[in-house]
Ligand SMILES: Nc1nc2c(ncn2[C@@H]2O[C@H](COP(=O)(O)OP(=O)(O)OP(=O)(O)O)[C@@H](O)[C@H]2O)c(=O)[nH]1
Ligand SMILES: [Zn+2]
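Residue numbers (UniProt numbering): 1 to 358.
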């Protein structure tokens with residue numbers, strides 16, 4: 001899989017191609033990627049609108065001078081762009097996405113459920129204390145890579161830690177494609193430290209376990225700049241947003257911040273490529289094993305074990321990769337596949353038992 005990583009770098013003033021003020025559509029997140037899917041004539045008759053709220057009763061969409069609700073469709077989620085059919089909104093055209101967070105729903109058919117579309121950056125938040133866990137960070141980075149969203153790791157609570165260097169080192173070792181920042185979320189730091197990713201027209205989201213400072217950071221982005229922040233509470237010490245539906249909030253200068261309960265429950269399903277990107281060095285090594293299906297255990301000509309013996313790779317990291325990949329495979333398999341795996345396991349166990357008897 002080839003992927004363009006140029007977008008994984010934070011935008012800086014010097015690389016911004018034009019200095020003109022963003023258009024109202026650009027403030028909502030409109031990008032050349034979407035313009036390419038339409039043309040000037042169509043833009044006039046079917047103007048672009050972005051889904052900013054998903055309710056059972058309908059989708060709230062915003063455009064240039066447009067704020068309306070269109071009927072809910074199974075195929076759209078918060079962050080999506082439509083070309084709005086003003087006479088028959090149900091006929092609006094959904095545009096291709098730059099990125100998509102999705103998950104498998106619970107239940108028998110385990111249908112895919114879309115969480116959020118066209119997110120540019122996801123801040124993976126953890127704190128410089130006992131919450132810090134490399135395996136958990138790797139899992140979130142894999143989810144971001146899979147969704148085609150730029151991950152940025154934020155280490156909070158630097159003010160409560162005597163030495164943040166070991167946390168920074170461990171987080172930076174996860175992937176050389178992921179920027180890591182350490183900060184005190186309760187100070188004045190967040191606005192300046194997150195500024196390069198929270199420019200007008202950018203869409204950001206936050207991932208991380210409970211209590212690490214996600215709400216504190218979101219509130220910092222909205223402090224003194226209340227635009228459409230009805231559901232984001234100031235002084236939220238418990239850190240629970242009141243929102244129960246999926247919603248984009250816009251800061252006063254036009255950065256969209258995703259607030260969606262689903263982001264808290266993203267599972268490791270269908271993220272094989274994302275995991276392979278986090279552990280790309282190990283994947284490359286594994287491809288050099290003599291056998292295609294090498295389990296890197298006792299097989300001859302195993303490049304992974306060789307690298308381990310030579311001290312080229314780190315044993316705990318190798319173990320984390322294998323654990324994550326196994327979990328992903330299990331989550332991704334269908335119920336029928338799991339039953340088949342179970343049956344074949346019981347068969348093998350039975351035949352092993354019978355062999356013993358003989
Ligand atoms: N000292 C200090 N406290 C922090 C920092 N970041 C967050 N906190 C505090 O940690 C607690 C939890 O922060 P929240 O922002 O609510 O955490 P959250 O990640 O949103 O948690 P959930 O909403 O449960 O997912 C709050 O009391 C915050 O004030 C930090 O950098 N330094
Ligand atoms: Zn091997």
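Quick reminder that beta carbons are idealized off the backbone N, C-alpha and C, glycines included.
Just so you know, these numbers come straight off a predicted model, no measurement behind them.
Sequence-distant partners of residue 64 (beyond 5 residues in either direction) whose C-beta falls short of 6 Å from its own C-beta, in its chain, are 24, 25. Residue environment: residue 40 is assigned as exposed (fewer than 16 neighbouring CB atoms within 10 Å of its CB, all protein chains considered). Residue 207: member of the beta strand (DSSP E) spanning 203-207, first to last residue.
Counting of Cβ neighbours within 10 angstroms places residue 219 among the buried residues, the total reaching 16 or more. Distance from the CA atom of residue 191 to the CA atom of residue 212, rounded to whole angstroms, is 17 Å.
Around the Cβ of residue 120, a 10 Å sphere holds 16 or more other Cβ atoms; the residue is buried.
If you draw a straight line from the Cα of residue 137 to the Cα of residue 254, it comes to about 28 Å. Taking C-beta separations shorter than 8 Å and ignoring five residues to either side along the sequence, the partners of residue 94 in its chain run 73, 75, 76, 80, 81, 82, following chain order. Rounded to whole angstroms, residue 43 and residue 49 show a C-alpha spacing of 10 Å. In this structure, the C-beta of residue 160 approaches ligand 1 to less than 6 Å from one of its heavy atoms. The residues 276, in chain order, have a CB closer than 7 Å to that of residue 283 in the same chain once the five nearest residues on each side in sequence are set aside. If you check the C-beta of residue 283 against ligand 2, you find no heavy atom less than 6 Å away.
A distance below 8 Å between beta-carbons, with the five flanking residues on each side excluded, links residue 66 to the following residues of its chain, in chain order: 47, 49, 84. Assignment of residue 295 by DSSP, reduced to helix, strand and coil, places it in the coil class.
For residue 255, the shortest separation between its Cβ and any heavy atom of ligand 2 does not lie below 6 Å. Spatial neighbours of residue 58 in its own chain (CB-CB distance under 7 Å, excluding positions within 5 residues in sequence) are listed in chain order as 69, 70, 71, 72. Proximity of the beta carbon of residue 152 to ligand 1 is not indicated: no heavy atom of the ligand is located closer than 6 Å. Each of 289, 294, 296, 302, 304 has a C-beta closer than 5 Å to some heavy atom of ligand 2; these make up the full list, in chain order. Under the DSSP assignment, residue 304 falls in the alpha helix (DSSP H) whose first and last residues are 303-309.
Annotated as distal: residue 331 and residue 251, with beta-carbon spacing of 7 Å or more. A distance below 7 Å separates the beta carbons of residue 61 and residue 51. Its chain contains 126 as the residues whose beta carbon lies nearer than 8 Å to that of residue 133, once the 5 sequence neighbours on both sides are disregarded; these appear in chain order. When the Cα atoms are used, residue 194 and residue 32 turn out to be separated by approximately 24 Å. In this structure, the CA atom of residue 315 is about 7 Å from the CA atom of residue 308. Where residue 97 is concerned, there is no enclosing beta strand (DSSP E), because DSSP gives it neither an H nor an E. Remark: the shortest separation between the CB of residue 212 and any heavy atom of ligand 1 falls under 6 Å. When the alpha-carbon of residue 150 is set against those of 129, 184, 202, 167, the nearest one is in 202. Residue side-chain check: residue 129 keeps its Cβ at 6 Å or more from all non-hydrogen atoms of ligand 1. The three-state reading of DSSP puts residue 127 in strand, counting E and B together.
With contacts defined by Cβ atoms closer than 7 Å, residue 142 and residue 274 form a contacting pair. Counting along the chain, residue 153 sits inside the beta strand (DSSP E) bounded by residues 150-156. Residue 214 is positioned such that its CB atom lies no closer than 7 Å to that of residue 222. By DSSP's assignment, residue 58 forms a beta bridge with 55.
Cβ contact annotation for residue 37 (same chain, cutoff 7 Å, sequence separation greater than five): 95, 96, in chain order.
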